[in-house]
Amino acid sequence: MLSALSQPLRILITTHHKPDADALGSSLGWAHVLQARGHAVTVVVPNDFPGFLDWMPGTTSVLDYEQSQDKALKALQEADLVCCLDFNDLKRNNELGQKIEQSGKPILMVDHHPYPKDFATYSYHKVEASSTCELIMDLCKELGWMDAVSLDAGTCLYAGLVTDTGSFRFPSCTPNTHRWAAHLLEMGVRHFQVHEAIFDQTPVEILRFLGHCFMNRLKVLPEWHTAYIVIPQQDLKDFGVRTGDTEGLVNYALNLKGMRFASVIIDRGVQVKMSFRSKGKVPANLFAIQYFEGGGHLNAAGGQSGDTLEQTEARFLAAMESFAPDHLR
Ligand code: 5GP
Ligand code: MN
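Going by this note's numbering, the final residue of the sequence shown carries number 365, and the count climbs one at a time with no gaps.
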């Protein structure tokens, strides 16, 4: 792969739909690194990212495929290489994924999700990595490119390290993760600013929405060490909830004493979207794959349902009846 990157290329970087801090941070971090190495880079996201990621250096030149399809397709047409970051199935890239497949361009995939699909020309894939941002640091080291990791790049990459590890607490966080965090701090990344920029931006109506969820929408299945939250579409309207505002909600359910499995089930109108989180060996991704056309990591996964919210909750409870005896006793 090093030889492929030895001459200046036009490179398109993309990531999964509804990009989170690891998706956008790794995309922008890698973009800064490639630019420092003399490549011309365009970052294209399949749809919009949450406002609390606006501060990342480079966001103003990111193309949103849904808003700027012509520009995005032109960048794809001109690209010598496509980098797919933080996903391993082109379906997770929406329509842009189909266009990439049809383009026949060489693809570099950098990702840490299990069960990668076989679409990449070059693959840098480690399931044990905490985050794609960690993998970008590993890759830069392997390529001998550490001098291309600027403060801007490091700041973007730190964001993925901190979020995908739940602020350095999940089992996926390793000495390697901490070594890169230490390296980035030594470079001058202001970790407290990154943390504040991501976590301390809650609008008052969203805090009230969380209160409403805890009071009125949270359910506990003590016998299965499971807590879940079911959110009708009307709640999203009533409280003005937007993309990204519900991220993290599922973790509150898992914070409850004794819980080992948690879910948030949200009626988004077009479909019902589900998030799953677990502790220890409880396979959240298996649950997502088996029952809700989803996937993800062992402890963090997601899925969806085309049924109504009520039907989905009933299916969730039925799924628990077969899943829980094996995994949540
Ligand atoms: P979240 O609950 O934050 O939306 O997603 C948690 C994890 O599950 C992420 O790593 C994400 O990539 C994965 N995930 C969420 N939804 C889906 C889905 O519908 N399909 C697959 N394959 N993975 C998903
Ligand atoms: Mn990730």
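Just so it is clear, CB atoms sit at the ideal spot from N, CA and C, and this is done for glycine as well.
If we call anything under 8 Å between Cβ atoms a contact, is residue i one with residue j?
i, j, result
"V69", "A165", "no"
"V266", "E349", "yes"
"A184", "R73", "yes"
"H148", "F123", "no"
"L246", "L285", "yes"
"K135", "A115", "no"
"A354", "L334", "no"
"A336", "F323", "no"
"S159", "L197", "no"
"A289", "L254", "yes"
In whole angstroms, give me the CA-to-CA distance for residue i and residue j.
i, j, result
"I49", "C119", "5 Å"
"G342", "Y327", "12 Å"
"G133", "T78", "16 Å"
"E346", "H363", "25 Å"
"E241", "D274", "10 Å"
"M37", "R351", "45 Å"
"K110", "L171", "28 Å"
"F312", "M173", "28 Å"
"A57", "P258", "32 Å"
"R205", "T213", "11 Å"
"G276", "I301", "17 Å"
"P278", "M295", "Note that residue 278 is Arg in the sequence shown here, rather than Pro. Roughly 27 Å separates the two Cα atoms."
"V306", "H219", "43 Å"
Classify residue i as helix, strand or coil using the three-state DSSP reduction.
i, result
"E309", "Correcting the residue type first, residue 309 is Lys in the shown sequence and not Glu. Strand at K309."
"C151", "For clarity, residue 151 is Tyr in the given sequence; the question names Cys instead. The answer is coil: DSSP assigns Y151 none of H, G, I, E or B."
"Q103", "coil"
"R46", "strand"
"M145", "strand"
"G280", "coil"
"F297", "strand"
"H52", "coil"
"H231", "helix"
Would you grab the beta carbon distance between residue i and residue j for me? Rounded to a whole angstrom, and I think it's under 8 Å.
i, j, result
"A233", "W91", "5 Å"
"M356", "W260", "6 Å"
**Message:** Tell me whether the segment 188-204 and the segment 77-84 touch, counting them as touching only if at least three CB pairs, one residue from each stretch, are closer than 8 Å.
**Reply:** Fewer than three beta-carbon pairs drawn from the segment 188-204 and the segment 77-84 are found closer than 8 Å, and the two stretches are therefore not classed as touching.
- [ ] Determine, using beta-carbon pairs with one atom in the segment 219-226 and one in the segment 89-107, whether at least three such pairs fall under 8 Å.
- [x] No: the two stretches stay apart, fewer than three of their Cβ pairs being nearer than 8 Å.
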